[in-house]
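So the structure is just underneath, and the comments pick up after that.
Number of protein chains: 2
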Amino acid sequence: MKKLWIVYLLLIGCFLIYVLDYRSETQLNEQWNTGGLRGEIGEKYVMVTFQMGIDYWKSSLKGFEDAAQALNVSVEYRGGTQRDINEQITVLEQVIAKKPAGIAISALHPLDLNATIDKAVEAGIPIVLFDSDAPASKAYSFLGTDNYNAGVKAARHMAELTGEHGQIAVVTTPYQQNHQERTDGFLETIRLDYPEMKVVTVKNGKGDQVVSKQSTEEILADYPGIAGIFATEANGGIGVAEAVRENKDGARPKIISFDTDKGTLDLVKSGDISATMAQGTWNMGYWSLQYLFALQHNPNTAQIPGSSPIPRRADTGITVVTASNVDDYYAK
Amino acid sequence: MKKLWIVYLLLIGCFLIYVLDYRSETQLNEQWNTGGLRGEIGEKYVMVTFQMGIDYWKSSLKGFEDAAQALNVSVEYRGGTQRDINEQITVLEQVIAKKPAGIAISALHPLDLNATIDKAVEAGIPIVLFDSDAPASKAYSFLGTDNYNAGVKAARHMAELTGEHGQIAVVTTPYQQNHQERTDGFLETIRLDYPEMKVVTVKNGKGDQVVSKQSTEEILADYPGIAGIFATEANGGIGVAEAVRENKDGARPKIISFDTDKGTLDLVKSGDISATMAQGTWNMGYWSLQYLFALQHNPNTAQIPGSSPIPRRADTGITVVTASNVDDYYAK
Chain E
1 MKKLWIVYLL LIGCFLIYVL DYRSETQLNE QWNTGGLRGE IGEKYVMVTF
51 QMGIDYWKSS LKGFEDAAQA LNVSVEYRGG TQRDINEQIT VLEQVIAKKP
101 AGIAISALHP LDLNATIDKA VEAGIPIVLF DSDAPASKAY SFLGTDNYNA
151 GVKAARHMAE LTGEHGQIAV VTTPYQQNHQ ERTDGFLETI RLDYPEMKVV
201 TVKNGKGDQV VSKQSTEEIL ADYPGIAGIF ATEANGGIGV AEAVRENKDG
251 ARPKIISFDT DKGTLDLVKS GDISATMAQG TWNMGYWSLQ YLFALQHNPN
301 TAQIPGSSPI PRRADTGITV VTASNVDDYY AK
Chain P
1 MKKLWIVYLL LIGCFLIYVL DYRSETQLNE QWNTGGLRGE IGEKYVMVTF
51 QMGIDYWKSS LKGFEDAAQA LNVSVEYRGG TQRDINEQIT VLEQVIAKKP
101 AGIAISALHP LDLNATIDKA VEAGIPIVLF DSDAPASKAY SFLGTDNYNA
151 GVKAARHMAE LTGEHGQIAV VTTPYQQNHQ ERTDGFLETI RLDYPEMKVV
201 TVKNGKGDQV VSKQSTEEIL ADYPGIAGIF ATEANGGIGV AEAVRENKDG
251 ARPKIISFDT DKGTLDLVKS GDISATMAQG TWNMGYWSLQ YLFALQHNPN
301 TAQIPGSSPI PRRADTGITV VTASNVDDYY AK
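From first to last, the protein sequence lines are chains E and P. In terms of full-length UniProt numbering, the first sequence opens at residue 1 and continues consecutively. In terms of full-length UniProt numbering, the second sequence opens at residue 1 and continues consecutively.
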């Protein structure tokens, strides 16, 4: 009788082990077989910038990290501390030497990194550029703002602010390509789509707060009925806002600025700046990592040699920030 | 004694259940925690085209399916059978009525689908456009060829083929935006970068093989030393090749065409056409699904209301197909 119970016990025990282990296996297999995009934690992707301490990169890095967590891979953040191209080249060479699974770079100079980038791509390391391109390099993709479109969007918002009517000025940094593109998109949109608006002057603010303030004082003197001013970068926008604030009894043009540094956001909040154009920086980081992951794992089941499994270029978009949504843009 | 065994049995059984269930839970949780991008198989994403039977869509659909398999979601392929905008609107409305997780559409008309697309986006259904845009709609993104860049790339390859020297002609379909952009990119690149090349004429081939052949006969008569001809679409390219083949004792200009239908590939293989420009159609499908998945699952952990977690625009790239890689492009 005693022996019989032991046999029962063993049989029931074995059965339970079998059933539960089977159940557990099934659940696991179901998950594996039905896929899920998932890398190895030892797979390291590196983001490389310059002036790496500034706030501007935080949101891109957050996107890069969000994608890494979703895909179960590791990330590292590297970069020069200054706006120094030799420093950035040195950092990039150090990163390449460790043979990471992929690198996303914001290029401080459109040409000077090409040799280093090309060497890495030829050695089989996936590289994409974000925010600032090196268009002649062998990097697989560039993810950043389409600056012409950003200018178009600024023009449409300016039309809204001014009732599609009146004299408009632009304060920009000519000869710097991204600013020239923002200006072109703005000018052409006003010219083609808003016959009762007219851009009367384009001033050189030199990317400087003081120079932009002086330019704006000239604008306010020359065009006392000015309805709106578009500043294509953040320092300029702050200078424009100062000049207008001090122009107490004169024109109060609507101001549209660019980017979302704290100084600009504060002026949007106070109403001095009507709107600022926020770049899709989170997108730059998130999709940089997604693209690098695709280059590393190649999901194209019918891959044609020489063709790339990722887009050549992604316009990461632009959002208009006004007093009504400015609070969402302060760093948390 | 007997009762004691029953108690033992129950205790051991419970312990085994507990241990194995715990083990199974742990394994599952580990997988979830370490991430992996993964949806539900009940999550259905729909691709909508027109002329849905033609070969052109196969590669985009393959990309869409590859992404769906990787992400563990379902796909459905729908579309009009003809080039009929009312048919496409009806199909799109039927798709929307089923509330899918996301829709990727190639728009047969740049405006006529806007009302239907906007209604779906407002109802919370993620929509992206691919291949053919509806730029004023509320769709979140457009994934397709940057046609200006495609023209630039064709110009650079033409320069290679002609030793950066000689008279060049273009056969295109003016007033159709994508063809105008291809032509513009080609013309500007030759003008700016290749001083010893000159585009001597731009002919209207009307997207037609016979008309393009006639245009080419005129080109061969007017410019007997012509070094190269760029056809901005596939029918035109075949017509150009016919005219040149029949021009037995005359000029043998290098021909660059567009797209990878079988007729064009055969002429690349035979050497009549030197190169054809292949669009990144797999990319269009793969990244359409990735973008829709991101809209559905929103991976942005610091999401700002009103900002989009996907790029506004993706240039899906272009590849030069020559006799050396043409075999890779035949449908498998």
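Backbone N, C-alpha and C fix where the C-beta goes; we use that ideal spot for every residue, glycine too. Given the structure is predicted, the values throughout are model-derived calculations rather than measurements.
Beta-carbon proximity of residue i to residue j, cut-off 7 Å
{"i": "P253 (chain P)", "j": "I229 (chain P)", "result": "yes"}
{"i": "I89 (chain E)", "j": "L108 (chain E)", "result": "no"}
{"i": "T281 (chain E)", "j": "S137 (chain E)", "result": "no"}
{"i": "Y140 (chain E)", "j": "I304 (chain E)", "result": "no"}
{"i": "W287 (chain E)", "j": "L71 (chain E)", "result": "no"}
{"i": "A169 (chain P)", "j": "L220 (chain P)", "result": "no"}
{"i": "S119 (chain E)", "j": "E76 (chain E)", "result": "Note that residue 119 (chain E) is Lys in the sequence shown, not Ser. Cβ atoms of K119 (chain E) and E76 (chain E): not closer than 7 Å."}
{"i": "T145 (chain P)", "j": "Q279 (chain P)", "result": "yes"}
{"i": "V46 (chain P)", "j": "R78 (chain P)", "result": "yes"}
{"i": "G80 (chain P)", "j": "V91 (chain P)", "result": "yes"}
{"i": "Q296 (chain P)", "j": "A97 (chain P)", "result": "no"}
{"i": "V326 (chain E)", "j": "A231 (chain E)", "result": "no"}
{"i": "L292 (chain E)", "j": "P126 (chain E)", "result": "yes"}
{"i": "H165 (chain E)", "j": "E188 (chain E)", "result": "no"}
{"i": "A150 (chain P)", "j": "I256 (chain P)", "result": "no"}
{"i": "Y148 (chain P)", "j": "E122 (chain P)", "result": "no"}
{"i": "G239 (chain P)", "j": "Q209 (chain P)", "result": "yes"}
{"i": "R38 (chain E)", "j": "G36 (chain P)", "result": "yes"}
{"i": "I190 (chain E)", "j": "A154 (chain E)", "result": "no"}
Any chain C beta carbon closer than 7 Å to residue i
{"i": "A314 (chain E)", "result": "Among the chains of the structure shown, chain C does not appear; the protein chains present are E and P."}
Classification of residue i by the beta-carbon crowding that lies within 10 angstroms, buried from 16 upward
{"i": "A294 (chain E)", "result": "buried"}
{"i": "A115 (chain E)", "result": "exposed"}
{"i": "F258 (chain P)", "result": "buried"}
{"i": "E233 (chain E)", "result": "buried"}
{"i": "T316 (chain P)", "result": "buried"}
{"i": "V7 (chain P)", "result": "exposed"}
{"i": "T213 (chain P)", "result": "The residue you asked about is not Thr; residue 213 (chain P) is Lys in the sequence shown. Per the 10 Å Cβ criterion, buried."}
{"i": "S215 (chain E)", "result": "buried"}
{"i": "S308 (chain E)", "result": "buried"}
{"i": "G285 (chain E)", "result": "buried"}
{"i": "S324 (chain P)", "result": "exposed"}
{"i": "R312 (chain E)", "result": "buried"}
{"i": "D193 (chain E)", "result": "exposed"}
Cutoff 7 Å: residue i Cβ touching any chain P Cβ
{"i": "A251 (chain E)", "result": "no"}
{"i": "residue 335 (chain E)", "result": "Nothing can be reported for residue 335 (chain E), as the shown portion of chain E is limited to 1 through 332."}
{"i": "I304 (chain E)", "result": "yes"}
{"i": "T319 (chain E)", "result": "yes"}
{"i": "D328 (chain E)", "result": "yes"}
{"i": "W5 (chain E)", "result": "yes"}
{"i": "S212 (chain E)", "result": "no"}
{"i": "N283 (chain E)", "result": "yes"}
{"i": "S257 (chain E)", "result": "no"}
{"i": "P135 (chain E)", "result": "no"}
{"i": "L9 (chain E)", "result": "yes"}
{"i": "S270 (chain E)", "result": "no"}
{"i": "G300 (chain E)", "result": "Rather than Gly, the amino acid found at residue 300 (chain E) in this sequence is Asn. Answer yes: the Cβ-Cβ gap between N300 (chain E) and chain P drops below 7 Å somewhere."}
{"i": "P311 (chain E)", "result": "yes"}
Min CB distance residue i to chain E below 7 Å
{"i": "G185 (chain P)", "result": "no"}
{"i": "L267 (chain P)", "result": "no"}
{"i": "T189 (chain P)", "result": "no"}
{"i": "Y18 (chain P)", "result": "no"}
{"i": "L192 (chain P)", "result": "no"}
{"i": "S274 (chain P)", "result": "no"}
{"i": "E30 (chain P)", "result": "Residue confidence for E30 (chain P) is low, a pLDDT of 41 falling below 50, so the modelled location carries little weight; the figure read from the coordinates is stated next. It does not: the Cβ of E30 (chain P) has no partner Cβ on chain E nearer than 7 Å."}
{"i": "S307 (chain P)", "result": "yes"}
Cβ distance (whole Å) where residue i is taken to contact residue j below 8 Å
{"i": "T236 (chain E)", "j": "G205 (chain E)", "result": "Here residue 236 (chain E) turns out to be Gly, not Thr, going by the sequence shown. Between G205 (chain E) and G236 (chain E) the Cβ distance is about 4 Å, and since that is below 8 Å, they are a contact."}
{"i": "V268 (chain P)", "j": "V321 (chain P)", "result": "6 Å"}
{"i": "G207 (chain P)", "j": "T173 (chain P)", "result": "5 Å"}
{"i": "Q167 (chain E)", "j": "V200 (chain E)", "result": "5 Å"}
{"i": "D55 (chain E)", "j": "D261 (chain E)", "result": "7 Å"}
{"i": "S74 (chain P)", "j": "A67 (chain P)", "result": "Going by Cβ atoms, the distance from S74 (chain P) to A67 (chain P) rounds to 12 Å, so no, they are not a contact pair."}
{"i": "I17 (chain E)", "j": "L11 (chain P)", "result": "Wrong, their Cβ atoms sit about 16 Å apart, outside the cutoff."}
key: Interfacial residues, the segment 60–86 of chain P to chain E, with Cβ spacing under 8 Å   = K62, G63, D66, A67, Q69, A70, L71 and N72
task = Note down, in chain order, all residues in the segment 117–131 of chain P with a beta-carbon under 9 Å from any beta-carbon belonging to chain E.
result = none
Near-chain E residues of the segment 142–156 of chain P - C-beta to any C-beta below 8 Å = L143, D146 and N149
ask   = According to a CB-to-CB cut-off of less than 8 Å, which residues of the segment 219–253 of chain E neighbour chain P?
value = none
request  = Could you run through the segment 46–58 of chain E and flag, in chain order, every residue whose CB is less than 7 Å away from some CB of chain P?
outcome  = none
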